[in-house]
Amino acid sequence: MFEVDWKTPHLWRKTAISRQAAPALEGDVKTDVLVVGGGFTGMAAALGARDSGVGVVLLEGNEIGSAASGRNNGLVISHHSKASPSEFEAVYGKTVGTRYNRMVADAAGVAFGLMQRFNIDAHQVQEGWIQPAHTEATLARARHFHDEWKAFGADVSWLDRAEVSARIGSPYLGGWMVNNSGHINPFAMTVGLAAALEREGVTIHENTRATRIERLEGGWRVFTASGSVSAPEVILATNALTGDIWPGLKKTLVPFKVFQAATSPLPDELRGQILVGNPAVSDMRQDLRYFHYDRDNRLVSGGTHTFWLNEVDRGRAKVSRMLGKVFQAFGGEPEMVEYWHGTFAVVPDRRPRLYRLAPGLVFGGIYSGRGVALSMSLGQEIGRWAAGRRTDEQMSLPVTNMQPIPFHPIAVQVANRMHAWNRLRDRRS
568 MFEVDWKTPH
578 LWRKTAISRQ
588 AAPALEGDVK
598 TDVLVVGGGF
608 TGMAAALGAR
618 DSGVGVVLLE
628 GNEIGSAASG
638 RNNGLVISHH
648 SKASPSEFEA
658 VYGKTVGTRY
668 NRMVADAAGV
678 AFGLMQRFNI
688 DAHQVQEGWI
698 QPAHTEATLA
708 RARHFHDEWK
718 AFGADVSWLD
728 RAEVSARIGS
738 PYLGGWMVNN
748 SGHINPFAMT
758 VGLAAALERE
768 GVTIHENTRA
778 TRIERLEGGW
788 RVFTASGSVS
798 APEVILATNA
808 LTGDIWPGLK
818 KTLVPFKVFQ
828 AATSPLPDEL
838 RGQILVGNPA
848 VSDMRQDLRY
858 FHYDRDNRLV
868 SGGTHTFWLN
878 EVDRGRAKVS
888 RMLGKVFQAF
898 GGEPEMVEYW
908 HGTFAVVPDR
918 RPRLYRLAPG
928 LVFGGIYSGR
938 GVALSMSLGQ
948 EIGRWAAGRR
958 TDEQMSLPVT
968 NMQPIPFHPI
978 AVQVANRMHA
988 WNRLRDRRS
């Protein structure tokens with residue numbers, strides 16, 4: 568169900584600058600910090616460790632950008648997934664909660680800052696992210712988000728009915744905007760960041776799947792098909808593709824499959840009425856609607872299926888119907904010419920995880936749909952932590968043992984089959 572044909576080019580890959588894959592690992596090597604997983608979390612962790620002055624090796628099982636980090640919608644958002652700052656403080660306590668809220672508030676700025684630092688062309692647009700409300704209940708919730716982040720000191724704005732409807736090109740009751748946020752081509756960001764890491768001295772091995780971990784005196788040895796890496800500190804950044812490399816780890820997350828689709832480039836006349844000013848948008852429905860333009864003015868959106876039979880035709884048709892309904896300027900249902908899918912990871916409470924699996928062995932990630940920005944902030948922090956530059960008490964998330972999801976096989980099926988129920992809830996609201 569969760570396999571991805573990562574070698575077939577999709578829109579993000581087709582419009583990004585190509586990069587020669589790093590060579591696979593051959594033989595046995597040693598390093599200070601080993602990162603397993605070449606997505607945003609893993610690469611940011613490698614950067615955090617390398618910036619701390621230690622040697623770093625990164626292993627990627629396929630090629631950089633082949634999984635969720637390179638295949639998602641590309642929204643770069645400084646906001647929690649369905650929670651407010653005070654709700655996180657209630658769970659984590661004032662000290663850690665405030666620290667975590669600060670990391671989230673700054674996350675989009677950190678991500679765009681990396682693009683600037685390393686001169687990465689990720690087709691980045693930092694014109695804000697808008698979350699509009701379609702009911703009185705969601706309007707109240709949006710106002711709650713805005714007011715709390717405003718009080719926290721985040722750069723946010725409130726949009727009334729007229730302004731939000733004009734900016735989006737579709738009628739909404741109101742909404743709020745996070746001004747430091749925006750959108751990117753996520754695949755372009757992955758290959759750009761990988762090239763930057765190599766220039767910084769990180770050794771990357773692609774097409775090198777970690778198969779087994781063995782404890783050593785004073786550290787760990789991670790085996791691959793053609794060699795091994797020994798290190799005192801190992802970071803597992805495998806997220807949705809976590810397999811059996813560590814007992815029980817894959818039962819702490821739910822792989823969640825989504826698809827993306829895109830129109831042909833839109834003419835100036837339509838762009839003058841739809842997403843005016845080029846913001847990123849995702850609304851507050853249970854079955855989310857989200858959109859932004861790519862660099863060539865294609866409108867990119869997506870969704871998910873309850874059942875994945877004939878997914879391409881059904882996915883294109885579903886997004887076409889949705890866009891035609893949302894944006895009256897189309898005068899019908901626009902043709903969707905691009906389609907691809909990927910898998911990210913969720914947890915029921917939608918809070919990221921930071922596990923110490925054993926001394927010198929950590930896991931971090933699981934962003935429940937907010938990973939593009941947050942992974943680059945949390946990842947760097949994990950790298951500094953592994954390099955000895957942060958203590959447990961200084962981290963922006965509590966460091967815990969693994970938290971398995973009860974009835975995990977059932978939870979996976981429920982999470983990936985509940986979309987019909989969400990759509991019904993939206994129609995009743």
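For reference, each letter of the sequence shown is one residue, going 568 to 996 in the working numbering. The C-beta atom is built at its ideal place from N, Cα and C for all residues, glycine as well.
Mapping DSSP to helix, strand and coil, what is F874? On the sequence shown, residue 874 is found 307 positions in, with the first residue counted as 1. In this structure, F874 counts as coil in the three-state DSSP scheme.
Can you tell me whether F858 is buried or exposed? The criterion is at least 16 other CB atoms within 10 Å of its CB, across all chains shown. Residue 858 sits at position 291 when you count from the first residue of the sequence shown. Buried is the call here.
Classification of E773 by the beta-carbon crowding that lies within 10 angstroms, buried from 16 upward: By one-based count along the sequence shown, residue 773 stands at place 206. E773 comes out buried.
T775: buried (16+ other C-beta within 10 angstroms of its C-beta) or exposed? Here residue 775 refers to the residue found at position 208 when the sequence shown is read from its first residue. Buried, because 16 or more other Cβ atoms sit within 10 Å of the Cβ of T775.
Look at the alpha carbon of M568 and the alpha carbon of T778, and state the distance between them as a whole number of angstroms. On the sequence shown, residue 568 is found 1 positions in, with the first residue counted as 1. On the sequence shown, residue 778 is found 211 positions in, with the first residue counted as 1. Summary for M568: the model assigns pLDDT 41, below 50, so the residue's position carries little reliability; its value from the coordinates is reported in the next sentence. If I take the Cα positions, the gap works out to 21 Å.
Starting from F790, follow the beta strand (DSSP E) in both directions and report where the run begins and ends. Position 223 of the sequence shown holds residue 790. Run containing F790: 786-791, per the beta strand (DSSP E) assignment.
CA nearest to the CA of G937, picked from V658, G768, T608: For the purposes of this step, residue 937 is taken as the residue at position 370 of the sequence shown. Correcting the residue identity first, residue 937 is Arg in this sequence and not Gly. The candidate whose alpha carbon is nearest that of R937 is T608.
Are the CB atoms of G815 and M962 nearer to each other than 7 Å? The count along the sequence shown starts at 1 and reaches residue 815 at position 248. The count along the sequence shown starts at 1 and reaches residue 962 at position 395. No, they are not a contact pair.
Suppose you measure from the CA of G870 to the CA of L820; what does that come to, to the nearest Å? Locating residue 870 in the sequence shown gives position 303, counting from the first residue. Locating residue 820 in the sequence shown gives position 253, counting from the first residue. Rounded to whole angstroms, G870 to L820 spans 20 Å at the Cα level.
Pull the bridge partners of L642 from the DSSP assignment, please. Stepping through the sequence shown from its first residue, residue 642 is reached at position 75. Looking at the DSSP assignment, L642 forms a beta bridge with H750.
Note the first and the last residue of the continuous alpha helix (DSSP H) segment covering V731. Locating residue 731 in the sequence shown gives position 164, counting from the first residue. It spans 728-735 - the alpha helix (DSSP H) in which V731 sits, taken as one unbroken run.
Option in L592, V643, A588, R865 with minimal Cα separation from V939: Start at 1 with the first residue of the sequence shown, and residue 939 comes out as number 372. Taking only the C-alpha atoms, the option nearest V939 is V643.
Nearest-angstrom Cα separation, counted from V981 out to A674: Sequence index remark: in the sequence shown, residue 674 carries index 107 (1-based). Sequence index remark: in the sequence shown, residue 981 carries index 414 (1-based). C-alpha separation (whole angstroms): 30 Å.
Would you be able to state if there are at least three C-beta pairs under 8 Å between the stretch 732-739 and the stretch 760-767? No: fewer than three Cβ pairs fall under 8 Å.
Given a cut-off of 7 Å, decide if I802 and A635 are closer than it, judged by their beta-carbon atoms. For the purposes of this step, residue 635 is taken as the residue at position 68 of the sequence shown. For the purposes of this step, residue 802 is taken as the residue at position 235 of the sequence shown. For A635 and I802, no; Cβs fall outside 7 Å.
In terms of residues, what are the limits of the beta strand (DSSP E) holding Q827? Sequence index remark: in the sequence shown, residue 827 carries index 260 (1-based). Membership of Q827 in the beta strand (DSSP E) is indicated by the continuous run 821-832.
Taking the alpha-carbon of E694 as reference, which of V723, E715, L706, T705 has the nearest alpha-carbon? Locating residue 694 in the sequence shown gives position 127, counting from the first residue. Of V723, E715, L706, T705, the residue nearest in Cα terms is V723.
What does the alpha-carbon distance come out to for the pair R684 and L876? Your numbering for residue 684 matches position 117 in the sequence shown. Your numbering for residue 876 matches position 309 in the sequence shown. Rounded to whole angstroms, R684 to L876 spans 43 Å at the Cα level.
Supposed contact pair E627 and I780 - C-beta distance, whole angstroms, cut 8 Å: Looking up residue 780 in the sequence shown gives position 213. Looking up residue 627 in the sequence shown gives position 60. Not a contact, Cβ separation roughly 16 Å.
Is it right to say D863 is buried, meaning 16 or more other beta carbons lie within 10 angstroms of its own, or is it exposed? One-based indexing of the sequence shown puts residue 863 at position 296. Classification for D863: exposed.
Look up M568 in the DSSP assignment and say whether it is helix, strand or coil. The residue you call residue 568 lines up with position 1 of the sequence shown. Any answer about M568 is weak, because its pLDDT of 41 lies below 50 and its placement is not dependable; what the coordinates show is given next. If DSSP states are grouped into helix, strand and coil, M568 belongs with coil.
Please report the distance separating the alpha-carbon of T702 from that of W743. Indexing the sequence shown from 1 puts residue 702 at position 135. Indexing the sequence shown from 1 puts residue 743 at position 176. Going from the Cα of T702 to the Cα of W743 covers about 14 Å.
Does the stretch 699-718 come into contact with the stretch 784-802, if we say contact requires no fewer than three beta-carbon pairs (one atom in each stretch) closer than 8 Å? They do not touch, by the three-pair rule.
For the alpha helix (DSSP H) containing P976, name the first residue and the last one. Along the sequence shown, one-based indexing puts residue 976 at 409. Per DSSP, P976 belongs to the alpha helix (DSSP H) from 975-982.
Counting only the same chain and skipping the five closest in sequence on each side, list residues whose C-beta sits under 6 Å from that of V929. Taking the first residue of the sequence shown as 1, we reach residue 929 at position 362. Only I802, R923 meet the Cβ criterion.
Coarse secondary structure for A896, derived from DSSP in three states: Within the sequence shown, residue 896 is the residue found at index 329, counting from 1. Helix.
Figure out for me which residue from R708, R852, N752, S633 has the closest Cα to the Cα of S889. On the sequence shown, residue 889 is found 322 positions in, with the first residue counted as 1. The sequence given here places Met at residue 889; Ser does not occur at that position. When only C-alpha atoms are compared, the closest one is R852.
Enclosing alpha helix (DSSP H) for S942 [first to last residue]: Along the sequence shown, read from residue 1 onward, the residue named residue 942 stands at position 375. For S942, the enclosing alpha helix (DSSP H) has its first and last residue at 938-953.
Limits of the unbroken alpha helix (DSSP H) element including W907: Along the sequence shown, read from residue 1 onward, the residue named residue 907 stands at position 340. Run containing W907: none in the alpha helix (DSSP H); it sits in the beta strand (DSSP E), 903-913.
Are the Cβ atoms of S653 and V745 separated by less than 7 Å? Within the sequence shown, residue 653 is the residue found at index 86, counting from 1. Within the sequence shown, residue 745 is the residue found at index 178, counting from 1. No, they are not a contact pair.
Cβ-based burial, S942 [other Cβ within 10 Å; buried from 16]: On the sequence shown, residue 942 is found 375 positions in, with the first residue counted as 1. Buried, because 16 or more other Cβ atoms sit within 10 Å of the Cβ of S942.
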